[in-house]
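So the sequences go chain by chain: Y and S. According to my numbering, the first sequence holds residues 1 to 165 in order. According to my numbering, the second sequence holds residues 1001 to 1290 in order. Ideal Cβ positions, reconstructed from N, Cα and C, are used throughout, including at glycine. Contents: one structure, followed by commentary.
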Amino acid sequence: MHKKTIHLTLNGEAREWSVYPNELLLNVLREQEYLTGTKYGCGIGECGACTLHLDGAPTLSCLTLAIACDGADILTIEGLARDGKLDATQQAFLEHSAFQCGFCTSDMIMMTRALLNENAQPSEAQVRDYLRGNLCRCTGYASIVRAALDAAALEKQRAEPSAAS
Amino acid sequence: MREFDLLQPKTLNDALEALAQNNATIRPLGGGTDMLVDLRARRVQPDTLVALQGVNELRGVTRANGHLHVGASTTIAEILKNPLFAPFNALRQAASVFANPMIRNSATIAGNIGSASPAGDMLPPLLALNAQIELVSRNETRVMPLSEFFLGPRKTAKRADELISSIQLLVTSNQSPVSNPQSSAFYKLGLRQADAISLVSVAVWLERDGEKIRDVRIALGAVAPRPMRATRAEEILRGQIFSETNLKESARIASTECSPISDLRASADYRRRMIAVYVRRMIEQAWQHF
C-alpha cells in the first residue's frame, strides 16, 4: 500500500495531501487538517454527521476515500463563513437555537446550505424531505426546520440590502 | 480499515486489463457507498480495488435507436435530475426514496445492481422496465436481460474479470401512433422515510390498449433470495380488461408466488400481505397515470 499525493481545494484554499488508499476523507480532515466540525457518527452512511460539500454536492465523507478527491473542491462547515460574516444558514441556526448537543449542527447547516443552493425558497415539506437522512437526537427537528426556512428568508433579505436597511 | 491497493484507471481498457490480469481478490469500486461499509465490516477483503470514477466510457446517459443507454457510473441523483429518465416513472420513484440525498450523490446504478441485494431499491423497477444489462471484459461484450443476472443474495452472473458497462431501457414514444401508452409505478415499504431497507418493494409496468391491459410486468423486492418477476400474477392481467376482480386475483397470486423470510424487520406473513396490497395499489397507480 503506497501513499499518493493529491491536490485539492479545501474551503477555498489549495491543499496538497499525501494519503494512503484506505484513508477516509473524514479522517484526513479531522486528523490532518484538524477540521473537527465534520463529525464521525455511524460510519455507515445512516446518520449524516459527516456531511460536507464535494464539488458542490452534499456528500458523506465517511464513505469517501480521500485518495479519490484529487482535483476536488471541498467545502466544510469551517469554510462557510466569509470575511468573518456568518452564512445565512449559520445565523438562522443561532437565532433559532436549532441545536442542543450540537453534534448534528454542522451537517444540518451543510445540508440546509446545499438545499438553498438548489432551491432558494423551499417549502417546509421540501426542507423535511431534504434533511431526511440527517439525524438529530435532541431537538425533535422542529427548531431545525424553522431555522432552515428562516435561513432562506434571511438570505433573500441579505440579497436585497435596500429592503433590509 | 483493511489495507488495499487502489488502481485509478483513466480508460475502460485499462480497467478491464487490470481485472483480467489479477486474481479473485480484485474488486471494482463505484460510488463506494456499499463497498466502504462492507470493507469496514470485513464482509469483503480485496487486495486491490479498481476505482471506476475516472473512466469516462462508463459515464453518461444517451438516447439512441429507441433505447436509453445508461452508463454504469450514473448516480441515483442523476436519475432524479436528468429529463431523459422522465418516461421511467418507477425508476424515478425508486431513486426518490433511495437511502438519503447524500448517498444518492455518490451511489451508482451499476453499484446497486452489482451489490445484488434482494432488497436493492433500483432492482424491481429495472426488472419491471425489462432492462438489459451489458457486461464487458477484455475479450468480450455480452448483453443479457437483467432478469437473468441475479442468481441469489449478492450472487450475480458477472465474472470477476467483467464490469457492468451500461443498462439499456427501451424507450417508447407515446406520440407514436403505432405504440400503445405505457406507464410504471414503484413503492418501497420501509420502517421509516429515510435510509430504510425495504420490507417489501413493488414495481409494475403496464401497456394499455383501450380498456385492456395489453401487457404487464410486476417485479417484487425483498421477498425472495433475489428480486423477482411475479409472472403468474402478470398472466391474470395480460390481455384482459382492467377490472377490480382481476386486480384482486393478480395481487393474491403475487403474494403466493414470492417466498419471503421472517426477520427482525418483518414477518414472512406480513410481507406476503403487503405484497398483495402494494401490487394492487401500484397497478391502480400506473393505470391512472396513462
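Considering only C-alpha positions, which residue in the set the options is nearest to residue i?
{"i": "Thr76/Y", "options": "Asp83/Y, Cys138/Y, Thr59/Y, Tyr20/Y", "result": "Thr59/Y"}
{"i": "Gly45/Y", "options": "Arg1104/S, Leu1007/S, Leu1146/S, Ile1167/S", "result": "Arg1104/S"}
{"i": "Arg1272/S", "options": "Met1282/S, Ser1117/S, Ser1255/S, Gln1285/S", "result": "Ser1255/S"}
{"i": "Glu1167/S", "options": "Ser1184/S, Lys1155/S, Phe1149/S, Asp1161/S", "result": "Residue identity check: residue 1167/S is Ile in the sequence provided, not Glu. Comparing Cα positions, the closest option is Phe1149/S."}
{"i": "Val1037/S", "options": "Ser1259/S, Ala1107/S, Arg1280/S, Leu1080/S", "result": "Ala1107/S"}
{"i": "Cys101/Y", "options": "Leu65/Y, Tyr20/Y, Leu135/Y, Leu154/Y", "result": "Leu135/Y"}
{"i": "His1289/S", "options": "Met1228/S, Ile1241/S, Pro1181/S", "result": "Pro1181/S"}
{"i": "Ile1241/S", "options": "Val1216/S, Ala1230/S, Asp1263/S", "result": "Val1216/S"}
{"i": "Val1055/S", "options": "Ile1197/S, His1067/S, Asp1121/S, Ser1073/S", "result": "Ser1073/S"}
{"i": "Leu1220/S", "options": "Glu1211/S, Lys1212/S, Ile1213/S, Arg1232/S", "result": "Arg1232/S"}
{"i": "Ala1110/S", "options": "Leu1123/S, Met1102/S, Pro1087/S, Pro1118/S", "result": "Leu1123/S"}
{"i": "Val1070/S", "options": "Arg1252/S, Val1171/S, Ala1051/S, Arg1002/S", "result": "Val1171/S"}
{"i": "Phe103/Y", "options": "Gln157/Y, Arg113/Y, Gly41/Y", "result": "Gly41/Y"}
{"i": "Thr139/Y", "options": "Ser97/Y, Asp83/Y, Lys39/Y", "result": "Ser97/Y"}
{"i": "Ile1218/S", "options": "Val1061/S, Ser1184/S, Ala1160/S, Gln1193/S", "result": "Ser1184/S"}
{"i": "Asn1065/S", "options": "Ile1236/S, Leu1169/S, Ile1164/S", "result": "Leu1169/S"}
{"i": "Lys1155/S", "options": "Lys1188/S, Ile1164/S, Leu1135/S, Ser1115/S", "result": "Ser1115/S"}
{"i": "Asn1246/S", "options": "Val1279/S, Pro1260/S, Asp1263/S, Tyr1270/S", "result": "Val1279/S"}
{"i": "Thr1062/S", "options": "Pro1153/S, Gln1045/S, Leu1084/S", "result": "Leu1084/S"}
{"i": "Leu52/Y", "options": "Arg137/Y, Ser106/Y, Gly133/Y", "result": "Ser106/Y"}
{"i": "Leu971/S", "options": "Cys69/Y, Gly43/Y, Gly48/Y", "result": "This structure does not reach residue 971/S, given that chain S is present from 1001 up to 1290, and the question cannot be answered."}
Applying the 10 Å Cβ sphere with the 16-neighbour rule, what's the burial state of residue i?
{"i": "Leu94/Y", "result": "exposed"}
{"i": "Ile1113/S", "result": "buried"}
{"i": "Ser1267/S", "result": "exposed"}
{"i": "Glu124/Y", "result": "exposed"}
{"i": "Arg30/Y", "result": "buried"}
{"i": "Leu16/Y", "result": "Per the sequence presented here, residue 16/Y reads as Glu, with Leu not at that position. With fewer than 16 Cβ atoms within 10 Å of its Cβ, Glu16/Y is classed as exposed."}
{"i": "Ala164/Y", "result": "Unreliable placement is indicated for Ala164/Y, whose pLDDT of 49 sits below 50; no coordinate value is reported for it."}
{"i": "Ser1250/S", "result": "buried"}
{"i": "Glu1162/S", "result": "buried"}
{"i": "Glu1140/S", "result": "exposed"}
{"i": "Ala142/Y", "result": "exposed"}
{"i": "Leu1199/S", "result": "buried"}
{"i": "Asp55/Y", "result": "exposed"}
{"i": "Gln157/Y", "result": "exposed"}
{"i": "His2/Y", "result": "exposed"}
{"i": "Leu1049/S", "result": "buried"}
{"i": "Glu13/Y", "result": "exposed"}
{"i": "Asp1269/S", "result": "exposed"}
{"i": "Gly1239/S", "result": "exposed"}
{"i": "Ser1117/S", "result": "buried"}
{"i": "Arg1043/S", "result": "exposed"}
{"i": "Gln1285/S", "result": "buried"}
{"i": "Ile1253/S", "result": "buried"}
{"i": "Ala66/Y", "result": "buried"}
What is the residue span of the beta strand (DSSP E) that residue i lies within?
{"i": "Phe1186/S", "result": "1182-1189"}
{"i": "Gly1208/S", "result": "Per the sequence shown, residue 1208/S should be read as Arg rather than Gly. 1200-1209 is the span of the beta strand (DSSP E), which, as asked, contains Arg1208/S."}
{"i": "Ala57/Y", "result": "57-60"}
{"i": "Thr139/Y", "result": "It is not in any beta strand (DSSP E) - Thr139/Y carries neither H nor E in the DSSP assignment."}
{"i": "Thr1172/S", "result": "No beta strand (DSSP E) holds Thr1172/S; DSSP gives it neither H nor E."}
{"i": "Thr1245/S", "result": "From DSSP, Thr1245/S is part of no beta strand (DSSP E) but of the alpha helix (DSSP H) over 1244-1257."}
{"i": "Ala1051/S", "result": "1048-1051"}
{"i": "Arg1063/S", "result": "1061-1064"}
{"i": "Val1143/S", "result": "1141-1145"}
{"i": "Phe1150/S", "result": "1150-1152"}
{"i": "Ala1233/S", "result": "Premise fails: Ala1233/S lies in the alpha helix (DSSP H), 1231-1237, not in any beta strand (DSSP E)."}
{"i": "Glu13/Y", "result": "13-19"}
{"i": "Asp73/Y", "result": "73-75"}
{"i": "Val1070/S", "result": "1067-1071"}
If you follow the alpha helix (DSSP H) that residue i is in, where does it begin and where does it stop?
{"i": "Glu1134/S", "result": "Where Glu1134/S is concerned, there is no enclosing alpha helix (DSSP H), although the beta strand (DSSP E) it sits in stretches over 1132-1136."}
{"i": "Val1216/S", "result": "Run containing Val1216/S: none in the alpha helix (DSSP H); it sits in the beta strand (DSSP E), 1212-1221."}
{"i": "Ser106/Y", "result": "105-118"}
{"i": "Ile67/Y", "result": "Taken as a continuous stretch (DSSP letters only), Ile67/Y belongs to no alpha helix (DSSP H), as it is neither H nor E."}
{"i": "Val1044/S", "result": "First-last for Val1044/S: undefined, no H or E at that position."}
{"i": "Leu26/Y", "result": "25-31"}
{"i": "Leu94/Y", "result": "88-95"}
{"i": "Val1279/S", "result": "1268-1288"}
Run down chain A in chain order and give the residues with a C-beta less than 7 Å from the C-beta of residue i.
{"i": "Ile44/Y", "result": "This model lacks chain A altogether, as its protein chains are Y and S."}
- Query: Are the region 1010-1025 of chain S and the region 19-31 of chain Y in contact at 8 Å, needing three or more beta carbon pairs?
  - Reply: no
- Task: May I have a chain-ordered list of the beta strand (DSSP E) segments no shorter than 3 residues that lie completely inside the region 1002-1034 of chain S?
- Result: 1005-1007, 1026-1029
- Quick check: the region 1141-1155 of chain S against the region 1198-1210 of chain S, are there 3 or more CB pairs under 8 Å? No contact exists between the region 1141-1155 of chain S and the region 1198-1210 of chain S.
- Inspect the CB distances between the region 1011-1019 of chain S and the region 124-143 of chain Y and report whether three or more fall short of 8 Å. no
- Query: Do the region 1024-1033 of chain S and the region 33-43 of chain Y meet, that is, are 3 or more Cβ pairs less than 8 Å apart?
  - Reply: no
- Item | Unbroken stretches of the alpha helix (DSSP H), 4 residues or longer, contained in the region 1080-1129 of chain S | Given a length threshold of 4 residues, each whole run of the alpha helix (DSSP H) inside the region 1080-1129 of chain S is given here in chain order: 1089-1096, 1101-1106, 1109-1115, 1123-1128.
- For the 8 Å Cβ check, are there 3 or more pairs between the region 144-164 of chain Y and the region 104-124 of chain Y? They touch, by the three-pair rule.
- Touch check for the region 1076-1095 of chain S and the region 1125-1142 of chain S: three-plus C-beta pairs under 8 Å? yes
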